[in-house]
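Student: Numbering (my numbering), first residue to last: 19 to 469.
Even glycine gets a Cβ: it sits at the ideal position worked out from N, Cα and C.
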């Protein structure tokens, strides 16, 4: 008998933590940070959990004795299979005992480590650190899985296949157990630059004839159909209409979107200017997968840094490697019509010092706010842009499948049972697929499902 227990991702977006138990073998599918739950108690960066015990007491991580760093009890865990390098799918794994293997694709591992090397020390544990004495270090047992090749996870077997998402390194997973196969989508889409990867995963999942399909349902209730090429065309058109500085904001990890912006900038004779953190992560990723990223050596790329007294080690690395790439705020001010600058809400002080001229614009290329806290940040960005005289243009393609794509995926894979997670509308999901020959199981947090 196999048990699947959902400790996160139930009626919420993100925070996936799915424990699969087959006899003595145990593995988690993702072990992500639940931003929605944590914000009930904490407010980053002013109030944050500084001890693992804080998260345990508040039930923000599974109440399983023996799996966390500092626990005295023993607990067999054969590994964590990370579907992709978004924090809501891996970040809570920093609290686990370091002896447990953390599996991911090679690209996902590099994105996680690059982000870690470009961040401050975390009291809950680190996947890696960068300092001038030891250089780049990484946590032991951060292992990579090759696409399509089976790996033994205890007495179970797991295979991963690349899928399209809004960050490189995303995979779908097939777990072979004594009671049948489990297919897990992670986060997935069919309309991005690597949609063919998703289609191949669907074919592989169908070929494995799964007993259970665990699938995301982020946009089961709300979606817009746009491809990455449509995004590129709209960005290029918007840039062609701007006679001043163009500024854009989107997720640091979305390197495909970064390629899209570079392409649109080149089409309009503009240089893409990126912050040092983006440059560092991009360079590290480019070293393992040039197709997923851009080359900082490109003559149409420049660098920009906030004004501050002290540089982090990762910033020093970038400046040492690309000394001729740096642009000052004076350079940007004098050449606004030839530049596309990447910047977020937290860079607005520097944008104000640059002084965007008439005809300047801001392109927002992330999801529109769907929660109160996001709405507050979005409004602050609007306030800055109003002050600076810069209209905001929303241009985005989601990292998630739409309802009709999900339904067709389920039809093609044809599992006996489907379990929706990573959605705030599980009941709507059940109604959507009610005409398919499949049993829908709505998970209850902490309650095992047997098959």
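Would you mind stating whether residue 427 and residue 399 have Cβ atoms separated by less than 9 Å?
Tutor: Residue numbering aside, residue 427 sits at position 409 when the chain shown is read from its first letter. Residue numbering aside, residue 399 sits at position 381 when the chain shown is read from its first letter. Contact: no.
Student: Short of 8 Å in beta carbon distance, which residues of its chain neighbour residue 113, apart from the five on each side in sequence? Order them along the chain.
Tutor: For the purposes of this step, residue 113 is taken as residue 95 along the chain shown, with counting starting at 1. Hits under 8 Å: 70, 73, 79, 86, 87, 142 and 143.
Student: Could you give the first and the last residue of the continuous alpha helix (DSSP H) run that contains residue 290?
Tutor: Taking the chain shown and counting its residues from 1, one reaches residue 290 at position 272. Segment 289-293 is the beta strand (DSSP E) holding residue 290; no alpha helix (DSSP H) there.
Student: What residues are listed by DSSP as bridge partners for residue 341?
Tutor: Taking the first residue of the chain shown as 1, we reach residue 341 at position 323. Residue 341 is not bridged to any residue.
Student: Just the Cα atoms here: how many angstroms apart are residue 450 and residue 223?
Tutor: One-based indexing of the chain shown puts residue 450 at position 432. One-based indexing of the chain shown puts residue 223 at position 205. So the two alpha carbons sit approximately 21 Å from each other.
Student: Please go through the same chain and pick out, in chain order, the residues whose beta-carbon is closer than 8 Å to the beta-carbon of residue 291, but skip the five residues on each side of it.
Tutor: Numbered from 1 along the chain shown, position 273 holds the residue referred to as residue 291. These residues qualify, in order along the chain: 319, 320, 321, 322, 345, 350, 357, 358, 359 and 360.
Student: Which residues does DSSP pair with residue 441 in a beta bridge?
Tutor: Counted from its first residue, the chain shown places residue 441 at position 423. Answer by DSSP bridge pairing: none, since residue 441 is not bridged.
Student: Got a sec, what are the start and stop residues for the alpha helix (DSSP H) residue 134 sits in?
Tutor: In the chain shown, counting from the first residue as 1, residue 134 sits at position 116. Per DSSP, residue 134 belongs to the alpha helix (DSSP H) from 124-135.
Student: Please check the pair residue 265 and residue 297, which I expect to be a contact at CB under 8 Å, by giving their CB distance rounded to whole angstroms.
Tutor: Position 247 of the chain shown, counting from 1, holds the residue named residue 265. Position 279 of the chain shown, counting from 1, holds the residue named residue 297. The Cβ separation is near 17 Å, so there is no contact.
Student: In three-state terms, what does DSSP make of residue 269?
Tutor: Along the chain shown, one-based indexing puts residue 269 at 251. Here residue 269 sits in coil by DSSP.
Student: Cutting at 6 Å between CB atoms, please list the residues of its own chain near residue 208, excluding the five before and the five after it.
Tutor: Taking the chain shown and counting its residues from 1, the one referred to as residue 208 is at position 190. These residues qualify, in order along the chain: 216, 419 and 423.
Student: Checking the sheet assignment: what are the DSSP bridge partners for residue 39?
Tutor: Here residue 39 refers to the residue found at position 21 when the chain shown is read from its first residue. For residue 39, which the question treats as bridged, DSSP gives the partners 21 and 44.
Student: For residue 420, which of helix, strand or coil comes out of DSSP?
Tutor: For the purposes of this step, residue 420 is identified with residue 402 of the chain shown, where counting begins at 1. Coil at residue 420, not helix or strand.
Student: Identify whether residue 75 lies in helix, strand or coil by the three-state DSSP scheme.
Tutor: In the chain shown, counting from the first residue as 1, residue 75 sits at position 57. Residue 75 falls in the helix class under three-state DSSP.
Student: Going by CA-CA distance only, name the one from 249, 182 and 340 that's closest to residue 310.
Tutor: Working through the chain shown from its first residue, we reach residue 310 at position 292. Checking every option, the nearest Cα to that of residue 310 belongs to 182.
Student: Rounded to whole angstroms, what's the CA-CA distance from residue 124 to residue 435? Just pull it up for me.
Tutor: Position 106 of the chain shown, counted from the first residue, corresponds to residue 124. Position 417 of the chain shown, counted from the first residue, corresponds to residue 435. Approximately 31 Å, taken between the alpha carbons.
Student: What are the boundary residues of the beta strand (DSSP E) that includes residue 170?
Tutor: Here residue 170 is taken as the residue at index 152 of the chain shown, counted from 1. 169-171 is the extent of the beta strand (DSSP E) around residue 170.
Student: Measure the C-alpha to C-alpha separation of residue 389 and residue 273 and round it to an integer number of angstroms.
Tutor: By one-based count along the chain shown, residue 389 stands at place 371. By one-based count along the chain shown, residue 273 stands at place 255. Because the pLDDT at residue 389 is just 48, under 50, the model does not fix this residue reliably, and the value given afterwards should be weighed accordingly. Roughly 25 Å separates the two Cα atoms.
Student: Going straight from the alpha carbon of residue 48 to that of residue 34, what length do you get?
Tutor: Counting from one through the chain shown, the residue named residue 48 turns up at place 30. Counting from one through the chain shown, the residue named residue 34 turns up at place 16. Approximately 6 Å, taken between the alpha carbons.
Student: Below 8 Å, how does it come out for the stretch 195-206 and the stretch 145-161: are there three or more Cβ pairs, yes or no?
Tutor: These segments do not touch.
Student: Suppose the cutoff is 6 Å on Cβ atoms and the five residues either side in sequence are ignored; what does the same chain contact list for residue 212 look like?
Tutor: Reading the chain shown from its first residue, position 194 is the one you call residue 212. So the qualifying residues of the chain are 182.
Student: If you reduce the DSSP assignment to three classes, tell me which class residue 190 lands in.
Tutor: Residue 190 sits at position 172 when you count from the first residue of the chain shown. Of the three classes helix, strand and coil, the one that applies to residue 190 here is strand, per DSSP.
Student: Check for me: the beta strand (DSSP E) holding residue 322 runs from which residue to which?
Tutor: Here residue 322 is taken as the residue at index 304 of the chain shown, counted from 1. Segment 319-322, the beta strand (DSSP E) holding residue 322.
Student: Mind checking whether residue 355 and residue 373 have CB atoms under 9 Å apart?
Tutor: On the chain shown, position 337 is the one that residue 355 refers to. On the chain shown, position 355 is the one that residue 373 refers to. Contact: no.
Student: Express the C-alpha separation of residue 328 and residue 227 in angstroms, rounding to a whole number.
Tutor: Indexing the chain shown from 1 puts residue 227 at position 209. Indexing the chain shown from 1 puts residue 328 at position 310. For residue 227 and residue 328, the distance between alpha carbons rounds to 56 Å.
Student: With residue 302 and residue 132 assumed to form a contact (beta carbons below 8 Å), what rounded beta-carbon distance in angstroms separates them?
Tutor: Within the chain shown, numbered from 1, the residue matching residue 302 stands at position 284. Within the chain shown, numbered from 1, the residue matching residue 132 stands at position 114. Contact holds; Cβ gap of about 4 Å.
Student: So what does DSSP say about residue 179, is it helix, strand or coil?
Tutor: For the purposes of this step, residue 179 is taken as the residue at position 161 of the chain shown. Strand.
Student: Select from 437, 99, 28 and 55 the residue whose C-alpha is nearest the C-alpha of residue 170.
Tutor: As a position in the chain shown, residue 170 is number 152, starting the count at 1. Comparing Cα positions, the closest option is 99.
Student: Between which two residues does the alpha helix (DSSP H) containing residue 216 stretch?
Tutor: The residue given as residue 216 occupies position 198 in the chain shown. Where residue 216 is concerned, the enclosing alpha helix (DSSP H) stretches over 213-225.
Student: Tell me whether residue 469 sits in a helix, a strand or coil according to DSSP, three-state version.
Tutor: The residue given as residue 469 occupies position 451 in the chain shown. Residue state, collapsed to three classes: coil.
Student: Does DSSP put residue 398 in a helix, in a strand, or in coil?
Tutor: One-based indexing of the chain shown puts residue 398 at position 380. Residue state, collapsed to three classes: helix.
Student: Residue 218 to residue 190, Cα distance in whole Å?
Tutor: In the chain shown, counting from the first residue as 1, residue 218 sits at position 200. In the chain shown, counting from the first residue as 1, residue 190 sits at position 172. Going from the Cα of residue 218 to the Cα of residue 190 covers about 10 Å.
Student: Would residue 233 and residue 203 be called neighbours here (beta carbons separated by less than 9 Å)?
Tutor: Position 215 of the chain shown holds residue 233. Position 185 of the chain shown holds residue 203. Yes. Within cutoff.
Student: Does DSSP classify residue 100 as helix, strand or coil?
Tutor: As a working mapping, residue 100 is identified with position 82 in the chain shown. Reduced to three states, the DSSP call for residue 100 is coil.
Student: Express the C-alpha separation of residue 467 and residue 122 in angstroms, rounding to a whole number.
Tutor: Within the chain shown, numbered from 1, the residue matching residue 122 stands at position 104. Within the chain shown, numbered from 1, the residue matching residue 467 stands at position 449. If you take the alpha carbons of residue 122 and residue 467, they lie about 25 Å apart.
Student: Pull up the distance between the alpha-carbon of residue 179 and that of residue 231, whole angstroms please.
Tutor: Here residue 179 is taken as the residue at index 161 of the chain shown, counted from 1. Here residue 231 is taken as the residue at index 213 of the chain shown, counted from 1. If you take the alpha carbons of residue 179 and residue 231, they lie about 15 Å apart.
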